[in-house]
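The structure appears below as C-alpha cells.
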Ligand SMILES: Nc1ncnc2c1ncn2[C@@H]1O[C@H](COP(=O)(O)OP(=O)(O)OP(=O)(O)O)[C@@H](O)[C@H]1O
Ligand SMILES: [Mg+2]
C-alpha cells in the first residue's frame, strides 16, 4: 500500500457520496469546457486579429459606404505597408436561410494582407485571373459541397444587377483553408471590379478598408492621420485596430464574456460549497481515525497532505471527466456551429481547466486538512 | 533503575478546563524496567489514560522530566515526538480503532508507511506480525468481517509491526468476553516473554492484571499499595 492508495481508499469509502460529488464537479467542468469552446469560437477574430491591421469604416456606421478614391489617399499616408478594401454583398445560396458571409474585394491586396487565409498557389493565380471567380472558405465549401470549377449562383439581399436580377453567377476558383484551426473560414469573396460594374447602384464606393501598417508603434499616429484627413468631408471615417473592430462587432450581441463568466462562476461557487461541505463532513466523521494515525506516528503535515490529496483527487477525477467530455463535444461543436466561428477547445482552455481543478482541490480540502493537522490527539481519543 | 526503559521524574500534569485548573499528577515518579509487563489499575478518572499518553509521547507533562532509554522526550517538538512514537511505541486501544476500508493486512501495514522499507520487506513484516497474532489466514479480511477478538489481534499486529520496544494498551480487553480477553492477554504475555516487549496495560479487570508481572494502583494521581484480596 502506498500513500496514494491510502488516499484513494479514503476517497471511495462512501461510494455514493463520492460518486455524487464527482458528478457535481464533472457537470461544472463540462459547462466550463463547452462555454469556453464556444467563446473561443466567438473570440477567434479578436484573438487572432493582426496587431498590424487597421479597419477604416464610415464614421456614421460600418455599413455606410466611402469613395474608392480613399484607398489611394490612405495608401499615401507614411508608415502604411498595404491597403485593401472590401464591400458587403449580403449574399445567400438559393434560399435566404443559407446566409453567406460574402464580400467583394480587391483580390491581390486583400490576400496579401490576410496571410492567415491559405490558398493553393495555382488556385490563387486562377482567382486573380478570373473576374467572375470566387474564393470559398473551407467551412462554406464543406457545408454546401462546393468544389473548384463549380458554377455557383449567389443571390444578394441588398444589391441588384443592372439587368434587375438579384443573382450573380460565379465560378469557384479556389478553396480558402485556415492557417491554424482557430482561423474562421466561413465566407466567400470575389472581385470588386466585377461587382462594381454589374451592380445597379453604388458607383465607385466601397464598404471598408483594411490597412496594414509597417510598424505597430505607428498605429495610433496612423489612425489619427487617416481620420483627420477625411474629417469634415461628406464621408468621414472611423479607424480602429482590427482587434478593437472585431471586439465591437461581437459585443453587438451582448457581453458574451460576462455572461459566460457569470454562468461558469456560479457553477464553480456551487461546487466549491458542495465539495467543501462534503470534505468537512468526511473529515469530521474520521476524527477518531485521524487521532489514531497521529498516535501511530503520522505527523500533522502528513495528515494534511493525506486530506488535501483526497480533495485534489476528487477534483481531478470529476474535473478531467468533465473537461474530457467537453473536449470531445468541441469537435461536434466545430462541425455543427461553424457559422458562429471556429469552435476549438484550445490549449489555453485546457490549462485554465487544470488550474481550476487544482484550485478547487486545494480550496475544498484546506480547512478540513488544516483542522485535522491541528487535531489534538488527547482530546480526540478521550471523547469516544 | 539504570536499565529502566522509561523514567518519569517529578511529573506534574494539569489541565485547564475553563477557568478551573484540574491537577492530575503532582510530583509523580515512576520507572519502568525493560521487558516489564505492568498492569495499571485504578478508579475512573484517576489518570491512567493520561499517564499512558505521557509514556507514549502523545501528551506532555506540565512539569518534570520523562526519559526514554536515557534520552529526554518531554521537550521534543511535535514532529520529533511523532517520529519517536513511530519508532518506539505501539498502541492498543479498547475499541481496536482499525480503518474500516482497509484489510487486516493493510491496517497492519499503516505504521510501515512511515518507514523507508520497500514493498517486499513490508509484506514480510506484515506477514510476520499477523502470524504472531495467529491471523495470517485473515489477512485479506476487512475489520467488519472479523470478530472483536480478531480485530483486537489485528490492532496488536499493527502495534508490533514496526518492532517497537514499548507497548501501551488502554483497556485492551475492556470490550471482550472472558475467553477472548484471556486469549488476547495470553498473547500480550507471549510478546512480553518471548519478544521482550515492555508492556504497560491499563485495565479495570483484576483477572487481566494477573497476566502482568506486577500491578500498580493509581488513585487521585498517586500510586498506592493495595491488597488485591481486600
Ligand atoms: N483533555 C483533557 N482536558 C481536561 N481534563 C482532562 C483531559 N483529559 C483528561 N482529563 C481529566 O483528567 C482526569 C484523568 O483522566 P484519565 O482519562 O486519565 O482517567 P482514567 O484513569 O483513564 O479514567 P477511565 O478509567 O475512566 O478511563 C479526569 O478527571 C479527566 O476528566
Ligand atoms: Mg482511561
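Protein chains in written order, with our numbering: chain A, 1 to 384; chain B, 385 to 614. Every residue, glycine too, gets a C-beta built ideally from N, C-alpha and C.
Start and end residues, beta strand (DSSP E) containing residue i
| i | result |
| --- | --- |
| residue 482 of chain B | Per DSSP, residue 482 of chain B belongs to no beta strand (DSSP E) and is neither H nor E. |
| residue 88 of chain A | 80-88 |
| residue 461 of chain B | Run containing residue 461 of chain B: none; DSSP gives neither H nor E here. |
| residue 240 of chain A | 237-241 |
| residue 53 of chain A | 53-58 |
| residue 68 of chain A | No beta strand (DSSP E) holds residue 68 of chain A; DSSP gives it neither H nor E. |
| residue 585 of chain B | 582-586 |
For residue i, the first and last residue of its enclosing alpha helix (DSSP H)
| i | result |
| --- | --- |
| residue 144 of chain A | 138-144 |
| residue 419 of chain B | Here residue 419 of chain B belongs to no alpha helix (DSSP H), and DSSP marks it neither H nor E. |
| residue 13 of chain A | Premise fails: residue 13 of chain A is in no alpha helix (DSSP H) and is neither H nor E. |
| residue 560 of chain B | First-last for residue 560 of chain B: undefined, no H or E at that position. |
| residue 129 of chain A | 121-129 |
| residue 154 of chain A | Unbroken run through residue 154 of chain A is the beta strand (DSSP E), 151-156; no alpha helix (DSSP H). |
Within chain A, the residues that residue i reaches when beta carbons sit closer than 7 Å
| i | result |
| --- | --- |
| residue 424 of chain B | The premise fails here: residue 424 of chain B is roughly 17 Å from chain A at the closest Cβ pair, so nothing lies under 7 Å. |
| residue 490 of chain B | 1 |
| residue 437 of chain B | 378 |
Buried or exposed by the 16-neighbour rule on C-beta atoms within 10 Å, applied to residue i
| i | result |
| --- | --- |
| residue 249 of chain A | exposed |
| residue 310 of chain A | buried |
| residue 384 of chain A | Only weak support is given to the placement of residue 384 of chain A: the predicted model assigns it a pLDDT of 48, under 50, and the question is left unresolved by the model. |
| residue 85 of chain A | buried |
| residue 411 of chain B | exposed |
| residue 30 of chain A | buried |
| residue 490 of chain B | buried |
| residue 40 of chain A | buried |
| residue 551 of chain B | buried |
| residue 239 of chain A | buried |
| residue 450 of chain B | buried |
| residue 613 of chain B | A caution first: residue 613 of chain B carries a pLDDT of 48, below 50, which makes its placement in the model unreliable, though a value can still be read off. Exposed is the call here. |
| residue 484 of chain B | exposed |
| residue 16 of chain A | exposed |
| residue 535 of chain B | buried |
| residue 347 of chain A | exposed |
| residue 608 of chain B | exposed |
| residue 273 of chain A | exposed |
| residue 502 of chain B | exposed |
| residue 112 of chain A | exposed |
| residue 492 of chain B | buried |
| residue 405 of chain B | exposed |
| residue 277 of chain A | exposed |
| residue 124 of chain A | buried |
Residue-chain proximity (residue i, chain B), Cβ-Cβ < 8 Å
| i | result |
| --- | --- |
| residue 373 of chain A | no |
| residue 3 of chain A | yes |
| residue 249 of chain A | no |
| residue 319 of chain A | no |
| residue 384 of chain A | Confidence in residue 384 of chain A is poor, its pLDDT being 48 and thus under 50, which makes the residue's placement unreliable; the coordinate value appears in the next sentence. Answer yes: the Cβ-Cβ gap between residue 384 of chain A and chain B drops below 8 Å somewhere. |
| residue 288 of chain A | yes |
Which residues DSSP lists as bridging residue i, in chain order
| i | result |
| --- | --- |
| residue 606 of chain B | B:603 |
| residue 134 of chain A | A:172, A:190 |
| residue 208 of chain A | A:86 |
| residue 456 of chain B | B:451 |
| residue 432 of chain A | Residue 432 of chain A lies beyond the residue range present for chain A, which begins at 1 and ends at 384; the question has no answer from this structure. |
| residue 280 of chain A | Answer is none; residue 280 of chain A lacks a bridge partner. |
| residue 393 of chain B | B:449 |
| residue 105 of chain A | A:86, A:191 |
| residue 475 of chain B | B:552 |
| residue 388 of chain B | B:417 |
| residue 167 of chain A | A:155 |
| residue 400 of chain B | B:405 |
Neighbour list for residue i in chain A, Cβ cutoff strictly below 8 Å
| i | result |
| --- | --- |
| residue 583 of chain B | Those within 8 Å of residue 583 of chain B in chain A number zero; the least Cβ separation is about 16 Å. |
Neighbouring residues, chain B, relative to residue i (Cβ below 7 Å)
| i | result |
| --- | --- |
| residue 377 of chain A | 442 |
| residue 13 of chain A | 485 |
| residue 300 of chain A | 462 |
Closer than 8 Å to chain A by CB, residue i
| i | result |
| --- | --- |
| residue 409 of chain B | no |
| residue 520 of chain B | no |
| residue 495 of chain B | yes |
| residue 404 of chain B | no |
Per-residue contacts from residue i into chain A (C-beta, under 9 Å)
| i | result |
| --- | --- |
| residue 475 of chain B | 292, 295, 296 |
| residue 498 of chain B | 296, 297, 298, 299, 302 |
heavy atom of ligand 3 below 7 Å from residue i C-beta
| i | result |
| --- | --- |
| residue 65 of chain A | By its list of ligands, the structure shown excludes ligand 3, since it contains just ligand 1 and ligand 2. |
Under 9 Å from the C-beta of residue i: neighbouring residues of chain B
| i | result |
| --- | --- |
| residue 9 of chain A | 483, 485, 486, 490 |
Residues in the segment 460-472 of chain B having any Cβ partner in chain D nearer than 7 Å: Among the chains of the structure shown, chain D does not appear; the protein chains present are A and B.
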